[in-house]
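Notes to accompany the following structure.
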Amino acid sequence: MSSIIETIENEIRNLETAVRKENIGHIISIADGVARIEGLSDVMYNEMIEFPGGIIGQALNLNEGEVGSVVFGDISGLKEGDEVKTTGRLFSVPVGMCLLGRVVDALGNPIDGKGPVEAKEFFPVEKIAPGIIPRRSVNQPVQTGIMSIDSMIPIGRGQRELIIGDRATGKTTIAIDTIINQARINDEGIASGDPEFRPLYSIYVAVGQKNANVARTIRTLEQADAMKYTIIVSAPAADNPANQYIAPFSGAAMGEWFMSKGKDALIVYDDLSKQAVAYRQISLILKRPAGREAFPGDVFYLHSRLLERAARLNEENGGGSLTALPIIETQAGDISAYIPTNVISITDGQIFLETDLFNQGIRPAIAVGLSVSRVGSSAQTKALKKVAGQIKLQLAQFRELAAFAQFGSDLDPKTKAQLDRGSRIVELFKQPALKPFSMEVEVGIVWAMQNDFFDDIPLDQITRAKLSLQDHLQGRGSSVLESIKKKKELTDDIATALRKTVEEWKQTWSND
Amino acid sequence: MLKIKDRRQRMLVKRMVELSLKDGIPDSERVSAVLSAVRNQTPRSHRTILRAYLAAIRSLIRESTLEVVHAGALDSQGIDSFRKGMETRMNRNLMLDSREDPSLIAGSRVTIGDHVWDASLRGLIARLID
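Each protein sequence line maps, in turn, to chains V and R.
If you're matching positions, the first sequence starts at 650 in the numbering used here and goes up one per residue.
If you're matching positions, the second sequence starts at 385 in the numbering used here and goes up one per residue.
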C-alpha cells in the first residue's frame, strides 16, 4: 500500500519540479486580424501561436526577428506588448460524424446553440493533398437533381466543378439543391438497406456572406430535412479576414475525415472570391508584394492547394471521396478576371450562369456553351448517358442558330426543326429551386424528349407537361422507374416498358 | 528590427555591431568608442543608422542576457554556477540579470532571449488553469 502512495507522491513531486520550456514573443502591432510579433525564434511556418486569453493565431510571415501572424477570433482584448507563445502544433479543427447537423465557425466551435461538439479527433486545416498513387479516376456520379446539369455537365464523386456567375444568378441555389438531393438519396439508400449504398455527406462553407443569408440557407436545409447529413462552416462578412481565409481549409479538413474513413463527402465553398479578397487584405497588411488586382503572388496556390484536396481514393486507400463545388462570383460576367481564370484552370470544369438567361426566366441560368465537365460522361449512369448523349450539342447548336435566326425570316425546314427542338429542350430544363429530380425521373423525361413525345406540345405547355409526365412516371410508371434505379441502365426491356408508360401518359395529356 | 534598404548602410551597421562586442557580448566601452567614431565621421542618414544600431544592440543584449527571476532568496554562488551551466548549454557568454519576484510564489523563471524555462508555482498554476 505504501508503494502506491509513494508512486503517487513521486508523480506529484515530478509535476511540481517540471520545467516547461517555452518560446515566446511580444506583440509589436496588431490590426485587422494580423499581428506583428517580435521574438518567436523557434516558430515554424503555419504553426499555431497562442495569444493571451486562449486566442490562437497562425504564423504566416517569418522574418528576421519578427513574425507576421493572423489572429483568429476576437482581437479586441489584445494589445501591444502582450506575450505570445509557440505551440509546436499545426492549427487543427474537430472532425467526425458528431459535426453532422451542426453549424460551426471557422475554428470548429459550435455557433448554433446546440451545446459543445463532442469530437474525438482533430485534423490539421493545412494538409498536403493526396498524391497520384492513392487516387483513382472519377467513376461514380454526384446526382445534383438538376436535370440540365446531370444530363449535360455531369459531376462525379471526387471531382471539382466550379459554379461561376454574377451576383444573383442562382449559384448558391445549385449547391443547396445538390445538398438537398443528396439528403433525399441518402434517406432512400439507407432505408433500402442496400449494403453497397454509400451516403454522401455535405459540408457547406459560407465565406464573407451576410448572416441573414447563412440563416436562410440553414432554414432551407432544415425544412428539407437535409441538415442531418450536412455540416455548415460559417465565416460571415462580420468575421475578421483571418477567419474568412481559413474557413474553406477548415471545411476541407472536415471533408477529408469522411474521405479518410472510406466515406463520400461533398464540399461547397461559397464563395472563393470572398476568400481571395480576405487573403488579399491579410497579405497587404503583412506587407507582402502585391501583384495583379493587388492580390498576392501566391493566390493561385491558395486555391490550388485547397481544391487539390478533393479526390477519389482507390480501394487500397479506403475508396473514399471528396467532391468540391467551389463558387466564384464574377463582375459583369467577366470570366477573364484574375481569380475566375485561376479557379477555372484548377477545377475539372465549370457551370457558368448568365444574368441574361436568368432574367429571361431560364432557371437554372446555365450557359451551355461556356459550361463543361472535364470528367465527362464517365461520371454519368449508363441510363442517363444513353438518353442525354446528344442534348448538349443540340442545345449549343440551338443557341448559335437562334442568334443567326434573328437576322433573317426565311429558314429552311432543317434549321426550323433544330430551333424548335432547342427551344423545347430549354423549356424542359427549366426547373424551380429546391425541386430536384431523381435520376430515374430525369432519364424518363429526357428519353421522352429525345423520342419526340414533346414535339406536338406548345412551348408554353412544356413545363406543365413535364410535371404531368413526372407524376405519371412516379405513379403508374413506378415499376419502370424502379428498374432504371436498380439497373442504372436502359436495357431494351426497360426502354420498351418506358415507351409504353410514356405513350399511356401521352394519351391522357391534353394541351389546354 | 529596423530595416535599412541601402546595402552600404546595412553593412556599416553590421560592422558597428561587430566592433561593439567583447566575447560575444555588447561592451559599454566599445559601444562608446563606436558612437564617438560615428559622431566624428557623420555618415549619410546618420539618425537612421543609429536607430538600426540601437535596435541591433538591444536585440543582442536581450539574447545575451540570462534573466533569472526567483521567488525566494538565492545565493550568488549558486546563481553563478547556474550561469556557467547555461553558458555551456547555449555555447555563448551570457550576462546575468537576477532578481527576486515574490509573485512567482515558489520556484524560478529563467529567460534567454525568447526562450523561457518556467519552473515557478505561478506558471504551474497557469498551466493547470489552461
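Note that beta-carbon positions come from the ideal geometry of N, C-alpha and C, so glycine has one too.
Since the structure is predicted, the reported quantities are computational estimates derived from the model, not experimental observations.
Asked	Found
Among R:Arg423, R:Leu512, R:Ser404 and R:Val494, whose alpha-carbon lies nearest the alpha-carbon of Ile463 of chain R?	R:Val494
Determine, using beta carbons only, whether Ser851 of chain V and Tyr878 of chain V come nearer to each other than 8 Å.	yes
What's the gap between the Cα of Arg961 of chain V and the Cα of Ile388 of chain R?	50 Å
Could you check the C-alpha separation between Ala755 of chain V and Ala896 of chain V for me, to the nearest Å?	4 Å
Are there 16 or more other CB atoms within 10 angstroms of the CB of Ser800 of chain V, so buried, or fewer, so exposed?	buried
Do you know whose CA, among V:Glu1089, V:Val917 and V:Glu696, lies nearest Asn710 of chain V's CA?	V:Glu696
Going by the beta-carbon positions, is the gap between Leu1108 of chain V and Arg1070 of chain V smaller than 8 Å?	no
Can Ile881 of chain V and Leu971 of chain V be called in contact, C-beta distance under 8 Å?	no
Roughly how many angstroms separate the alpha carbons of Val1075 of chain V and Val716 of chain V, rounded to a whole number?	56 Å
When the Cα of Lys923 of chain V is compared with those of V:Thr827, V:Ala884 and V:Glu729, which residue comes out closest?	V:Ala884
What is the rounded straight-line gap between the Cα of Ala515 of chain R and the Cα of Ile496 of chain R?	Residue 515 of chain R lies beyond the stretch modelled for chain R, which goes from 385 to 514, so this question has no answer here.
Ignore the nearest five residues each way along the sequence and tell me which others in Arg847 of chain V's own chain have a CB closer than 6 Å to its CB.	Asp913
Whole angstroms are fine: how far does the CA of Ala886 of chain V sit from the CA of Ala986 of chain V?	22 Å
Quick one: does Glu671 of chain V have its CB under 8 Å from some CB of chain R?	yes
Would you check if the distance between the CB atom of Ile931 of chain V and the CB atom of Val720 of chain V is smaller than 8 Å?	no
Please identify, using Cβ separations under 8 Å, the residues of the stretch 710-738 of chain V that lie next to chain R, in order along the chain.	Glu713, Gly714 and Glu715
Measuring only the C-alpha atoms, how far is Pro890 of chain V from Ala925 of chain V?	10 Å
Out of V:Ile823, V:Glu942, V:Glu957 and V:Ser725, state which residue places its alpha-carbon closest to the alpha-carbon of Thr866 of chain V.	V:Ile823
Have a look at the DSSP bridge pairing and note the partners of Tyr850 of chain V.	V:Ala914
Going along the chain, which residues of the stretch 493-514 of chain R sit with their C-beta nearer than 9 Å to a C-beta in chain V?	Val494, Thr495, Gly497, Asp498, His499, Val500, Trp501, Asp502, Ala503, Leu505, Gly507, Leu508, Arg511 and Asp514
Mind listing the chain V neighbours of Ser443 of chain R? Cutoff is C-beta to C-beta under 8 Å, in chain order.	Gly714
Hey, would you say Pro1013 of chain V sits closer than 8 Å to Ile813 of chain V, going by beta carbons?	no
Would you identify the three-state DSSP class for Phe944 of chain V, choosing helix, strand or coil?	coil
Which residues in chain R sit within 8 Å of Leu1002 of chain V, going by Cβ to Cβ distance?	Chain R residues near Leu1002 of chain V: none, gap ~47 Å exceeds 8 Å.
Assign Phe1053 of chain V to one of two classes, buried (16 or more other C-beta atoms within 10 Å of its C-beta) or exposed (fewer than that).	exposed
State the Cα-Cα distance for the pair Thr827 of chain V and Ala510 of chain R, rounded to the nearest angstrom.	48 Å
Quick check on this structure: which residue in R:Tyr437, R:Arg428, R:Lys468 and R:Leu480 has the alpha carbon closest to the alpha carbon of Glu451 of chain R?	R:Leu480
Any chance the stretch 650-659 of chain V sits against the stretch 667-678 of chain V, with 3 or more Cβ pairs inside 8 Å?	no
Sort out for me which residues DSSP pairs Arg809 of chain V with in a bridge.	V:Ala973
How long is the line joining the alpha carbons of Ile686 of chain V and Ile724 of chain V, rounded to whole angstroms?	14 Å
Near Pro743 of chain V, which residues of its chain fall below 7 Å by C-beta distance, leaving aside the five closest residues on each side in sequence?	Gly757, Val766, Ala768 and Phe771
Does the beta carbon of Ser690 of chain V sit closer than 8 Å to a beta carbon anywhere in chain R?	yes
Please identify the residue among V:Arg1023, V:Ala1082 and V:Glu1153 whose C-alpha is closest to the C-alpha of Asn788 of chain V.	V:Arg1023
Would you tell me roughly how many angstroms separate the C-alpha atoms of Tyr459 of chain R and Phe466 of chain R, rounded to the nearest one?	Residue 459 of chain R is actually Asp in this sequence, not Tyr. Answer to the nearest angstrom: the Cα atoms are 11 Å apart.
Taking CB distances under 8 Å as the criterion, tell me whether Val856 of chain V reaches chain R.	no
On the CB-based measure, 16 or more other CB atoms within 10 Å of its CB, does Ala855 of chain V come out buried or exposed?	buried
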